[in-house]
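The sequence shown lines up with residues 1 to 485 when you count with full-length UniProt numbering.
The C-beta atom is built at its ideal place from N, Cα and C for all residues, glycine as well.
Scroll down for the structure; my scribbles are underneath it.
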Amino acid sequence: MSGTPAPAPASPRRFRPSALRSRLALLTATAVAVAVAAVAAACWFVTKAQLQEQMDDSLRDAKFDGKATGDLLASCLSGGALPAPVFPGEYSVQIVAASGRTCTAPGSSPIPAQRDDIAVASGPRDDALHTTADGSGTRMRVHTRPLGGIGGAGPAAERFALSVARPVSEIDEPLGSLAWVLLTVSGIGVVGAGAAGLWVARAGLRPVDKLTGAVEHVARTEDLTVRIPVEGEDEIARLSRSFNAMATALASSRDRQAQLIADAGHELRTPLTSLRTNVELLARSDETGRAIPDADRAALMASVKAQMTELASLIGDLQELARPDTADRGSPPGIVALHEIAAAALERARLRGPGLTIGADLSPWYVRAEPAALERALVNVLDNAVKFSPPGGAVDVALDRHGELTVRDHGPGIPDAELPHVFERFWRSPSARSLPGSGLGLSIVARTVRQAGGTVVLRRPADGGGGTEALIRLPGAPAPPPGTA
1 MSGTPAPAPA SPRRFRPSAL RSRLALLTAT AVAVAVAAVA AACWFVTKAQ
51 LQEQMDDSLR DAKFDGKATG DLLASCLSGG ALPAPVFPGE YSVQIVAASG
101 RTCTAPGSSP IPAQRDDIAV ASGPRDDALH TTADGSGTRM RVHTRPLGGI
151 GGAGPAAERF ALSVARPVSE IDEPLGSLAW VLLTVSGIGV VGAGAAGLWV
201 ARAGLRPVDK LTGAVEHVAR TEDLTVRIPV EGEDEIARLS RSFNAMATAL
251 ASSRDRQAQL IADAGHELRT PLTSLRTNVE LLARSDETGR AIPDADRAAL
301 MASVKAQMTE LASLIGDLQE LARPDTADRG SPPGIVALHE IAAAALERAR
351 LRGPGLTIGA DLSPWYVRAE PAALERALVN VLDNAVKFSP PGGAVDVALD
401 RHGELTVRDH GPGIPDAELP HVFERFWRSP SARSLPGSGL GLSIVARTVR
451 QAGGTVVLRR PADGGGGTEA LIRLPGAPAP PPGTA
């Protein structure tokens, strides 16, 4: 795959408001509504407290001419025989006697005397402030303060108090108007917040819409070249980068699978063609009655057997490579003795190269790996060394106390230009294409060693001699962990 990745395609349809977008707008509107309601309620109660305090202060501070107060008291004592003065229109004024009777100034609405008013008139209290209804049912805010006694000193003297009142409607009416204003402003604020929340949700989720469109396009067309432009460093940008990385990995995986299938088909074609040719020769001999010489027939049967063995080996290697790196293999890798696995692999290698001298110097080394996979990898390395060793040659195997396993043969070696390709799937050196093998053995070795956390390289021998040296490094220890069986 080359060239610039294709940008995310435009969606063929417009995204309808999603449930997520609607929920975001609703949550925004709800949050603003709660905040506005709290502020409006606080404003209303604070205003009410301030207006009531102002009215109470005005009642406490109400000052009247002393002559007017005296004339009102005289009118009350005379039973109305003397004229009563008129007080300012915003106040209702009346005299309250200690006996409970009242005398109201002209123009004022009579207010029934309360227990607190009588207590002020009789002396136990200095003043009283309360809300009550006058004779017409109008709610009034009343302040009562002592006025003094009449009729001389002693028990016969009667005491009086002066009550000054204002209608509570002076507070209720502006508060009602304020409530309507706050309600209207709150409603406008909530609607505006909902609209703003919907706009913010649309703007904020636009990258998500692009990502959704890209995912739907991939699901519909299986086009893994789609890439989403990444802007900024926020969560959406991280999600876009993750999607692009996933698409790249999937495209690479699909390409590798296609290449594996193509390579496997090519490798399978050769033994199948040879096997088919040999079988057809044997079948034609039986059909025509023309016997094949015994020597030729034995050679054909040996060729058939060799081709079947090569097919079985190739299919086994393909199955091993087809297993994902993270496949569930029953149980997690445990601690295994690398020197023991290497010794078992050496025995199998000696059976395959009976004319070779295979020497081994194995120090104890314990690693965490899958025993069967690790043994297969070591067998592949040893098979490679046996295959390229000359008749009567030697293969040297060593495992030192630092966990480095070396397998050295004395064959023709690998040219430097070919060393970078030895672990590629199905790659085979031009000089080795006439030898048996599928070209997958070293790929399996590299994969197994990588899964165990190690490294493997093929190189020229360190002593400068001929042949090839395989070096495998696996993390581990010269002794097993305590408690390991």
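Indicate the three-state DSSP secondary structure (helix, strand or coil) for residue i in the structure shown.
{"i": "F243", "result": "helix"}
{"i": "L147", "result": "strand"}
{"i": "Q94", "result": "strand"}
{"i": "R254", "result": "helix"}
{"i": "P155", "result": "Its pLDDT being 49, under 50, P155 is placed unreliably by the model, and the measurement read from it follows with that caveat. Correct three-state label for P155: coil."}
{"i": "I472", "result": "strand"}
{"i": "A477", "result": "strand"}
{"i": "D61", "result": "coil"}
{"i": "G334", "result": "strand"}
{"i": "F45", "result": "helix"}
{"i": "D409", "result": "strand"}
{"i": "V164", "result": "strand"}
{"i": "R447", "result": "helix"}
{"i": "V379", "result": "helix"}
{"i": "V142", "result": "strand"}
{"i": "R227", "result": "strand"}
Quick check on the burial criterion: 16 or more other C-beta atoms within 10 angstroms. Buried or exposed for residue i?
{"i": "G466", "result": "exposed"}
{"i": "residue 496", "result": "Residue 496 lies beyond the range of the chain shown here (1 to 485); nothing can be said about it."}
{"i": "R241", "result": "exposed"}
{"i": "G334", "result": "exposed"}
{"i": "T288", "result": "exposed"}
{"i": "L205", "result": "buried"}
{"i": "D134", "result": "buried"}
{"i": "P207", "result": "buried"}
{"i": "F45", "result": "exposed"}
{"i": "P481", "result": "exposed"}
{"i": "L250", "result": "exposed"}
{"i": "P478", "result": "exposed"}
{"i": "V142", "result": "buried"}
{"i": "R276", "result": "exposed"}
{"i": "G355", "result": "exposed"}
{"i": "Q257", "result": "exposed"}
{"i": "S136", "result": "exposed"}
Ends of the beta strand (DSSP E) at residue i?
{"i": "I358", "result": "T357 to L362"}
{"i": "R459", "result": "T455 to R459"}
{"i": "R368", "result": "Y366 to A369"}
{"i": "A133", "result": "A128 to A133"}
{"i": "V86", "result": "Premise fails: V86 is in no beta strand (DSSP E) and is neither H nor E."}
{"i": "T102", "result": "T102 to T104"}
When the Cα atoms are used, what is the spatial distance from residue i to residue j?
{"i": "A35", "j": "A195", "result": "16 Å"}
{"i": "S99", "j": "A42", "result": "43 Å"}
{"i": "A369", "j": "I341", "result": "11 Å"}
{"i": "G66", "j": "L183", "result": "47 Å"}
{"i": "L471", "j": "L458", "result": "6 Å"}
{"i": "T455", "j": "V218", "result": "36 Å"}
{"i": "A337", "j": "K387", "result": "26 Å"}
{"i": "A113", "j": "M140", "result": "12 Å"}
{"i": "V32", "j": "G213", "result": "32 Å"}
{"i": "T144", "j": "D61", "result": "12 Å"}
{"i": "G89", "j": "P174", "result": "20 Å"}
{"i": "L51", "j": "A203", "result": "46 Å"}
{"i": "D57", "j": "P124", "result": "22 Å"}
{"i": "I444", "j": "I228", "result": "36 Å"}
{"i": "S186", "j": "R21", "result": "23 Å"}
{"i": "G151", "j": "E158", "result": "Caution applies to G151, whose pLDDT of 45 falls short of 50 and renders its modelled position unreliable; the value that the coordinates give is listed next. Spanning the two alpha carbons is a distance of roughly 7 Å."}
{"i": "L24", "j": "A179", "result": "29 Å"}
{"i": "A28", "j": "I118", "result": "Checking the sequence, you will find Thr at residue 28 rather than Ala. Rounded to whole angstroms, T28 to I118 spans 57 Å at the Cα level."}
{"i": "V379", "j": "A345", "result": "5 Å"}
{"i": "G411", "j": "S389", "result": "4 Å"}
{"i": "A49", "j": "A105", "result": "30 Å"}
{"i": "residue 492", "j": "A37", "result": "Summary: the structure shown does not reach residue 492, with the chain confined to residues 1 through 485, and so no result is reported for it."}
{"i": "H421", "j": "A372", "result": "26 Å"}
{"i": "E469", "j": "L374", "result": "19 Å"}
{"i": "M246", "j": "L211", "result": "13 Å"}
{"i": "G359", "j": "S303", "result": "32 Å"}
{"i": "N278", "j": "R220", "result": "47 Å"}
If I follow the unbroken alpha helix (DSSP H) through residue i, where does it start and stop?
{"i": "H217", "result": "S169 to T221"}
{"i": "R401", "result": "It is not in any alpha helix (DSSP H) - R401 carries neither H nor E in the DSSP assignment."}
{"i": "G393", "result": "Where G393 is concerned, there is no enclosing alpha helix (DSSP H), given that its DSSP letter is neither H nor E."}
{"i": "T69", "result": "G66 to L77"}
{"i": "I118", "result": "R115 to S122"}
Under 8 Å, Cβ to Cβ, is there at least one residue of chain D near residue i?
{"i": "D409", "result": "The structure shown contains no chain D, having only a single protein chain."}
Within the present structure, is the beta-carbon of residue i separated from the nearest heavy atom of the ligand ADP by less than 7 Å?
{"i": "V208", "result": "You won't find the ligand ADP in this model; it holds no ligand whatsoever."}
Quick check on the DSSP output: what are the complete beta strand (DSSP E) runs of length 3 or more inside the stretch 274-303, in order along the chain?
none
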